[in-house]
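Numbering (the working numbering), first residue to last: 589 to 986.
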C-alpha cells in the first residue's frame, strides 16, 4: 500500500555530493519507489534551493526554505542563552513549521521520516514518525569539547542535544542509527527506545573504476595519496592538518616522489597553509573527484573525530582503492572492518601501510566487489522501508 510520507531534512537532498546530502538523496529516492514523498527541507543558499535533480518532479510536494545564516546564528544563540539547544534553535524556522502544519491538514500524511535530531521538533504531533539520526550528534559535541576552544559551552550543548535525541527517540516509532557501534551507544543514552540499524551505502554506478570519466595525463603520471572531502568541516580539516603536519613530512622524507592531494570544497585557512609544505596540493572544489581517486595510490581518512559511516571511505573503496584510516574511522565499521581499509593507530602504521601499497594506481577489483556487496543503498535502507510497510499494514482498510 502506497502512503503519503513527509520527509523532513536539514539539507537539500541533491546533488548527492557530501555527507548528509548523500543519505538524504538515496533515502528519498528509495522511498519514492514505494510511497508518495512530500519533501520539506532547508537550503543554505538560493543556488542550493534552485539546483536541478531527477527527484524534483517526482515529489508529491516540495518545499525548500533558504536558511538565513545570520538570523539562524542569532536564533541559536538566543535559544542557547535561554537554556535551550543551540542546534534546534539554529534550524528552527517559523515558516517551515507553518508549512508543515498546513501540509498535514491538507494531505493524508501517514508517516514522517526525520533526518537528524536537529530537525526533530518539526515532527508533527499525532503522526507516526521514524527518527533517522544517522549518528549520535551529542557524542560529536562531546568530542568537539575536547579539541576546540570554549569546550565547556560545547559540553553544555552536548547535554541539550542528547536530551532532544533521547526525548524524540522515546516518541518515535523507531530510531535508526547507521552503525552497530552508534546503535550500542544510543542504547545506553535512550534505554527502552525502539531502535534499528540502517547503514549508509555508496552509488556503485557512479563510483565505478571502469566508469565514464577521464584521468588527465599529468595526474596519472604523479605518485600521490588523496583525501577527498569537504575541507572546512572540522573533523576533516583537523584530520588532514594533523596528517599533513605529523605524518606526511616523514613519508615525503622516505619517498621524495610521494605527494599528498587534498581534494574538496571550502578549504579552511589552516588547510590552505599546508600548500606551503613540499609535496602537498590543495585543489579546492573540483568538478569530479573520481579522476583523483582513480589516479591515487591510496586514499586516506586520518580523522580524529568520526561518527557514523564515512562516505569518503565508501567512495574510495568502490573505486577499488585501499584506505589508510585512523582507529576512530575504523571503529565506526565495527565489528567488521571492510576489505581494503587499513587501520593506522600510529605514525609508524601509516608509514608501514604506504610502504606496502601496490606499485601502480590500478583499481583492486576485489575491494570494489566487496564494497558493492556490503554497501548497497537498497539493502541498507531496507529497515526503514520495512518500518513504513508496517505502518501501511496498520492503516490498510480491512
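By construction, the Cβ of each residue, glycine as well, lies at the ideal position given by its N, Cα and C atoms.
| query | result |
| --- | --- |
| For residue 928, which option in 908, 915, 921 has the closest C-alpha, if you only look at C-alpha atoms? | 908 |
| Taking the alpha helix (DSSP H) that residue 614 falls in, what are its first and last residues? | 607-620 |
| In the structure shown, what three-state DSSP assignment does residue 931 receive? | strand |
| At the level of alpha carbons, what is the spacing between residue 615 and residue 794? | 17 Å |
| Could you give the uninterrupted runs of the alpha helix (DSSP H) lying entirely in the stretch 859-931, keeping only those of 4 residues or more? | 878-883, 899-906, 915-920 |
| If I measure Cβ to Cβ from residue 931 and keep anything under 7 Å in the same chain, skipping five residues before and after, which residues do I get? | 913, 915, 918, 925 |
| So, at 6 Å on beta carbons, what are the nonlocal neighbours of residue 904 in its own chain, with the 5 sequence-adjacent residues on each side left out? | 881, 887, 911 |
| So, helix, strand or coil for residue 826, using DSSP? | helix |
| So, with DSSP's three-state summary, where would you put residue 623? | coil |
| Does the stretch 621-629 come within contact of the stretch 663-679, defined as at least 3 CB pairs closer than 8 Å? | no |
| Just to confirm, is the Cβ distance from residue 979 to residue 698 under 8 Å? | yes |
| Who are residue 597's beta bridge partners in DSSP? | 629, 703 |
| Which word fits residue 792, buried or exposed, when buried means at least 16 other C-beta atoms lie within 10 angstroms of its C-beta? | buried |
| Rank 843, 694, 853 by C-alpha distance to the C-alpha of residue 866 and give the top, closest one. | 843 |
| Indicate the three-state DSSP secondary structure (helix, strand or coil) for residue 766 in the structure shown. | coil |
| Hey, out of 861, 694, 855, 896, whose CA is closest to residue 722's CA? | 896 |
| Please report the residue range of the alpha helix (DSSP H) in which residue 636 lies. | 634-638 |
| Just the C-alpha distance for residue 766 and residue 610, rounded to the nearest angstrom, thanks. | 13 Å |
| Within the same chain, show all residues whose beta-carbon is closer than 7 Å to that of residue 715, passing over the 5 residues directly before and after it, in chain order. | 692, 697, 699, 700 |
| For residue 899, count neighbouring Cβ atoms within 10 angstroms of its own Cβ and tell me buried if that reaches 16, exposed if not. | buried |
| Please report the straight-line C-alpha distance between residue 828 and residue 770, rounded to a whole angstrom. | 24 Å |
| Counting only the same chain and skipping the five closest in sequence on each side, list residues whose C-beta sits under 7 Å from that of residue 797. | 882, 907, 908, 951, 956 |
| Of all the options 768, 772, 939, 845, which has the alpha carbon lying nearest to the alpha carbon of residue 788? | 768 |
| Would residue 753 and residue 689 qualify as a contact pair, given that the criterion is a beta-carbon distance under 8 Å? | no |
| Just to confirm, is the Cβ distance from residue 987 to residue 608 under 8 Å? | The first residue shown for the chain is 589 and the last is 986, placing residue 987 beyond what the model contains. |
| Short check: CB of residue 812 to CB of residue 885, under 8 Å? | yes |
| In whole angstroms, what is the alpha-carbon distance linking residue 779 and residue 809? | 54 Å |
| Taking 8 Å as the cut-off, does the stretch 632-644 touch the stretch 589-596 (at least 3 CB pairs, one atom from each stretch)? | no |
| How big is the Cα-Cα spacing for residue 679 and residue 709? | 10 Å |
| Report whether the distance from the Cβ of residue 789 to the nearest heavy atom of the ligand NAP is below 7 Å. | Questions concerning the ligand NAP fall outside what the structure shown contains, since it holds no ligand whatsoever. |
| By Cβ distance, which residues of its chain are closer than 8 Å to residue 742, with the 5 residues on each side in sequence left out? | 729, 730, 732, 733, 736 |
| Between the alpha carbons of residue 847 and residue 936, how many angstroms are there, rounded? | 18 Å |
| Please classify residue 642 as buried or exposed, where buried requires at least 16 other C-beta atoms within 10 Å of its C-beta. | exposed |
| What do you get for residue 763, buried or exposed, if any count of 16 or more other CB atoms within 10 angstroms of its CB means buried? | buried |
| Tell me the DSSP secondary structure of residue 979 in three-state form. | helix |
| Count the other CB atoms, across all protein chains shown, that sit within 10 Å of the CB of residue 671; report buried if there are 16 or more and exposed otherwise. | exposed |
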